[in-house]
Structures are given as structure tokens and as C-alpha cells.
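One structure is given here, and the rest of the page talks about it.
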Amino acid sequence: MYPKVTTGTTDPRPVPASPSFPEVERRVLDYWETDGTFQASVQARPAGRDGANEFVFYDGPPFANGLPHYGHLLTGYVKDVVPRYQTMRGKRVERRFGWDTHGLPAELEAMSQLRIKTKEEILELGIEAFNEKCRESVMKYADQWRDYVTRQARWVDFDNDYRTMNPQFMESVLWAFKSLYDKGLIYDGFRVLPYCWNDQTPLSNHELRMDEEIYQTRRDPAVTLGLRLNTGELAMVWTTTPWTLPANLAIMVGEDIDYVVVESDLPTGTTEKYLLAEARLAHYARDLLGDPKADLDAAVVARYKGADLVGRTYTPPFGYYLGHPNAFRVVAAEFVTTTDGSGLVHTAGAFGEDDKVVTDRENIVAVMPVGDANAPIIEHLKAATRGLPDHGSVTEDTVLVRRENYDHAYPHCWRCREPLIYKGVSSWFVAVTEFKARMGELNQDITWVPGHIKDGQFGKWVENARDWSITRNRFWGSPVPVWRSDDPAYPRIDVYGSFEELERDFGRLPRNKAGEPDLHRPYVDELT
Numbered sequence: 015m016y017p018k019v020t021t022g023t024t025d026p027r028p029v030p031a032s033p034s035f036p037e038v039e040r041r042v043l044d045y046w047e048t049d050g051t052f053q054a055s056v057q058a059r060p061a062g063r064d065g066a067n068e069f070v071f072y073d074g075p076p077f078a079n080g081l082p083h084y085g086h087l088l089t090g091y092v093k094d095v096v097p098r099y100q101t102m103r104g105k106r107v108e109r110r111f112g113w114d115t116h117g118l119p120a121e122l123e124a125m126s127q128l129r130i131k132t133k134e135e136i137l138e139l140g141i142e143a144f145n146e147k148c149r150e151s152v153m154k155y156a157d158q159w160r161d162y163v164t165r166q167a168r169w170v171d172f173d174n175d176y177r178t179m180n181p182q183f184m185e186s187v188l189w190a191f192k193s194l195y196d197k198g199l200i201y202d203g204f205r206v207l208p209y210c211w212n213d214q215t216p217l218s219n220h221e222l223r224m225d226e227e228i229y230q231t232r233r234d235p236a237v238t239l240g241l242r243l244n245t246g247e248l249a250m251v252w253t254t255t256p257w258t259l260p261a262n263l264a265i266m267v268g269e270d271i272d273y274v275v276v277e278s279d280l281p282t283g284t285t286e287k288y289l290l291a292e293a294r295l296a297h298y299a300r301d302l303l304g305d306p307k308a309d310l311d312a313a314v315v316a317r318y319k320g321a322d323l324v325g326r327t328y329t330p331p332f333g334y335y336l337g338h339p340n341a342f343r344v345v346a347a348e349f350v351t352t353t354d355g356s357g358l359v360h361t362a363g364a365f366g367e368d369d370k371v372v373t374d375r376e377n378i379v380a381v382m383p384v385g386d387a388n389a390p391i392i393e394h395l396k397a398a399t400r401g402l403p404d405h406g407s408v409t410e411d412t413v414l415v416r417r418e419n420y421d422h423a424y425p426h427c428w429r430c431r432e433p434l435i436y437k438g439v440s441s442w443f444v445a446v447t448e449f450k451a452r453m454g455e456l457n458q459d460i461t462w463v464p465g466h467i468k469d470g471q472f473g474k475w476v477e478n479a480r481d482w483s484i485t486r487n488r489f490w491g492s493p494v495p496v497w498r499s500d501d502p503a504y505p506r507i508d509v510y511g512s513f514e515e516l517e518r519d520f521g522r523l524p525r526n527k528a529g530e531p532d533l534h535r536p537y538v539d540e541l542t
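Here the numbering used here is used: the first residue of the sequence shown is 15, the next is one more, and so on.
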């Protein structure tokens, strides 16, 4: 739309040969604002009975404590085109803008301003003071956002925006949580999740797809250990996460993989029998036979299928959990391959998604030798590698066959850019797998443009959807509305979905210093 002249003529304004596009932009935006064009496009269309003529659009909210960038422009045009199309069809489309004011980005900004780096420093400062700093910083760039979005020629309602930190919005989060809980679609579980040791919080699997920089090539240590089986051989176990060895609980093999036993005196100076996948023998020929061109068949003294090894026991590399029920056995796993490593895989149920599936199946309770900040990891890793040669005896029942560097694509935290680990954590989950099949059915009813998205990118995502971790071990956000009795003699769980329910049971609402209802910590912590 280009503004018409107001001199009484109906002729459009002549277009200069070399128009100033910034000036054209300014004139059009000024005209829309003074004319109230967007507001008129909404008000001229009735909502209809029970909202039958409404097309409801909530703008996926950005973080207002960061400046907009080109990526927001790319998604912004879609957010504008769809509501405009529905408006042209006669729908009432109000288009409320929103602001994501909760979460770690807000906390990181507050921590930067306060010049603190750890959760311990936050607790020392006090949750109330820290959250107030978060509240102050979250709308830092709101004016710049408004200008940026407006200059995209987008029509949105900034004056009736929503903010995730507002009491009404937070109450809606409680309502959604309780609604899912009442339907049996939320549960408290212990699962292995991507975990940021720097921010001391788990991430959802969705957050591993936030941008292209999540996966970066890293060079990490990898080791191959010989662990003593009850039958005398040293099972050559490979791992790219040697820091998890203190939590070792089992050795995984492939049932249909061919394994061999080779005699060697190289790693320790005394003759030992080493067990590994036959397909990986050439890879370890120098370590075991001293010559990568050695006669491999002549060195083999026994052969087994992986299924024949299942059930054997062994001595773990560390003695922290000796006697742990059902642990330190050879178990089968379908995902064990011979493309790298030794064909035998160390498993620590608390530090790998596949590992946890296997240890759960084998009734082995995962162990957690590290805390939230994972400080003991460094101690264990140093203890495991300090002063060791590239190979040789570690203990009577553990031999370091090889220590090497391993280049691989590894996930990093999208917020702080530190490498993630996979770690077992307690979290509340939405049971997505309970309705995954229904999502697949509904996806078939959607007209996708381009069409290959239906059974391609989105369809594959639905097929592989997993239960969604929705809680974070942090400070600035909506609370989990669950109150659990800490008295084992009187077990009880209460879940609340509104201010009314809270006031009914506790006799009051959580309120901040201004006397306003406030579900943030520490005010909500006072309801006990």
C-alpha cells in the first residue's frame, strides 16, 4: 500500500526515477500508524459466535534481553504472511506479540551484570535478589525489537503483548501442567538427558537442534581397557568417555558378532589372553602382536559368538561399587558394532541413553558418582590416567591396552557453548510417546508445503519423538506446581492448576514485596 495524496485529486503520487527507499518505507509506516490500518483490519471483522470467525495467532516469543538478528527476519515473514492471508479471508486475527522472559538466557544476562558465574554464588546472593535482577534485565531491548519488527512491515499488537513472567501467564502454565497430569501424561522420572555441567541443568533433546553450531568437532581421549573375565581372559573394552569408567556396570557385546581370543605379552610383559571382535583384530594388531602385518589367524586361540559370552562376569576397572546387584556382567545390546572400537563396549547406565535402556533391562540400578557440577569427574579422570603409559598394567585385573585421541562431532550447550555430557537426572516429563501415534495420524491430515515435509523432516520427527523433559534445575521461571510430602509415613502428592486452588489449600497466595501475587521463587517456596 502506498499513501495517496490528499489534494483532492485521485491520481497516485508520481514515482520518482530514483526513489529513496528508506523514505518510502518511512512514509508507508507512518501512514499505517496514523491511519490505524492494522487496528482497522482487526476491528472490522467480527469474532463471530463463540469465536467462530477468529484465527488465533500467538507470536512465538523471542528473548527481549538479546538483539534481533537475521534469523528472526527469516521466521518473521512467515509469521506475517499467514495472519495476513487469514485476514484477507475475512477472519479476525488479533496477533498479540509476546516476550519469552524466563529461562537461562535471562539468568545468564543477570549473572553477567552481577559478575557471578555459579549456582553457588546465586544462592549466596539470595534467590530473591537474583530473580529481581532477572526481572530488570529481560526487557532490555524491547524498544529495539519493536522498531525491528515494525520495519519488517509486520502487523502485530505490541500494546496487548503477553510476557511469560506475568502472573496470568504463569498461572496458565500451572493449568497446562495439571491438565496433563490429570490425564496421566506427565510423570516424574530419572532418565539420561543432555546435561550442561556449566549451567548445571538438563536440556531437552529439542535443544540439541537449536542451531548449526550445537555439534562441533572435538578431539577427546579414548581408551581401550582389558577387564578380567571370570574365565580368565581380558575383555578389551573401548570407550570415548573414560571419565565414566568409575560408573561402569556392564560390558555390552553383539550377540551375532564373531569374537576371538588372542595371546599376547606386549601390553604387560606377561602372556595374557585378550578377547575382542574378530573384525577389529587388525585394528589392534600393533598393540597385541607388535606388527600391523602379523598373521592374525595364527594368533587366535579361541572363537566365540557374542551370545556365548553373555552372562560371564568380570572385575570392574574401579572398586567403588563392588557387590552392586546384577552388575559386572557381559550383556547383549543390538547397537554394538564393529565399525570402530573393539566390539565390546563399556556401559554406565547413568551416562548414556542406550546404556540406560540396557541396564534397566538387566535390572541394574544406575549409579551416579558425580554431582551437579561434576567436579568429581576431573578427580576420577586424573586418577585413572595420571602417570600411565600408553599401555600396561593398571591393576592385576585391568590393563590399559591403548590410549588415543578421538575426533568426533559432539553436542555443545546452545547458551554457554560448553560441551555437554549425557547424565541421568530427575525431571518431570510429558509422556509424548503416549500420543505419538495420534500425532502421526493428525500429520496425515495436514497439507504441507512443500509436500515432502509431511513424511520427511516433520514425519520423521514425529516417528522418533521421545518423552519431553520440561523442568530445569534453575531459579527464574514458572514453578513445577507439585507439592510432595517428605514424610514417608504419609506419602502424598498434590498438583495445583490455578491461584484459586492454591489459595483454597494454603489459605493465601504467594506474594512479592509489593504485595502482588507472584509465583516466582522464593515467594512460592513459602507455601508449605
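All C-beta atoms, glycine included, are put in the ideal place defined by N, C-alpha and C.
Span of the beta strand (DSSP E), counted from its first residue to its last, around residue i
i    : result
D500 : It is not in any beta strand (DSSP E) - D500 carries neither H nor E in the DSSP assignment.
Y201 : 200-210
K437 : 435-444
L289 : 286-291
E517 : No beta strand (DSSP E) contains E517, which is instead part of the alpha helix (DSSP H) from 513-520.
W252 : 248-253
D213 : From DSSP, D213 is part of no beta strand (DSSP E); its letter is neither H nor E.
Q230 : 229-242
D173 : 171-177
Buried or exposed (CB count within 10 angstroms, at least 16 for buried), residue i
i    : result
K437 : buried
D459 : exposed
K133 : buried
M102 : exposed
T542 : exposed
N262 : buried
V359 : buried
C430 : exposed
P60  : exposed
I1   : The chain is shown from 15 up to 542; residue 1 falls before or after that span and cannot be answered.
L88  : exposed
G246 : exposed
F191 : buried
Y209 : buried
G85  : exposed
E123 : buried
S151 : buried
D309 : exposed
I392 : Only weak support exists for where I392 lies, its pLDDT of 45 falling under 50; the coordinates are left without a value.
Pick from the options that is closest to residue i, judged by C-alpha positions
i    : options                : result
Q127 : E134, E146, E410, H116 : E146
L248 : K192, P331, N79        : P331
V275 : D114, K319, R300, E540 : K319
S278 : I271, G268, L289       : L289
M382 : W462, G363, I141, D374 : G363
V415 : G304, L310, I378       : G304
Q166 : T115, M153, H83, V237  : H83
D369 : T352, A341, V384       : A341
K474 : I378, P493, S492, M453 : M453
E227 : Y510, V444, Y424, W462 : Y424
Bounding residues of the alpha helix (DSSP H) (the contiguous stretch that carries residue i)
i    : result
W159 : 156-165
P119 : 118-128
Q57  : 51-57
W475 : 471-477
N262 : Neither: N262 is in no alpha helix (DSSP H) and is coded neither H nor E.
F77  : Counting along the chain, F77 falls outside any alpha helix (DSSP H), and DSSP gives it neither H nor E.
V187 : 181-196
Span separating the alpha-carbon of residue i from that of residue j
i    : j    : result
H422 : T231 : 5 Å
P28  : Y162 : 29 Å
D411 : T329 : 7 Å
C148 : T409 : 51 Å
T258 : R525 : 44 Å
D481 : E367 : 13 Å
G355 : G240 : 13 Å
K450 : N219 : 16 Å
L207 : R109 : 35 Å
E6   : L456 : Residue 6 is absent from the model: the chain starts at 15 and stops at 542.
V70  : D171 : 13 Å
V19  : G65  : Caution applies to V19, whose pLDDT of 46 falls short of 50 and renders its modelled position unreliable; the value that the coordinates give is listed next. Whole-angstrom Cα-Cα distance: 38 Å.
S512 : P256 : 47 Å
T548 : I484 : Lying before the first or after the last residue shown, residue 548 is absent from the chain, which here runs from 15 to 542.
G117 : P76  : 12 Å
R168 : I467 : 26 Å
L402 : T282 : Unreliable placement is indicated for L402, whose pLDDT of 49 sits below 50; the coordinate value is still reported in the next sentence. So the alpha carbons of these two residues sit roughly 12 Å apart.
Residue i beta carbon near the ligand SAH (any heavy atom closer than 7 Å)
i    : result
T329 : Inclusion of the ligand SAH in the displayed structure is not the case, the ligand content being empty and no account of it being possible.
**Prompt:** What are the complete alpha helix (DSSP H) segments, minimum 4 residues, inside the region 300-377?
**Reply:** Segments of the alpha helix (DSSP H) lying fully in the region 300-377: 310-313, 320-323, 367-375.
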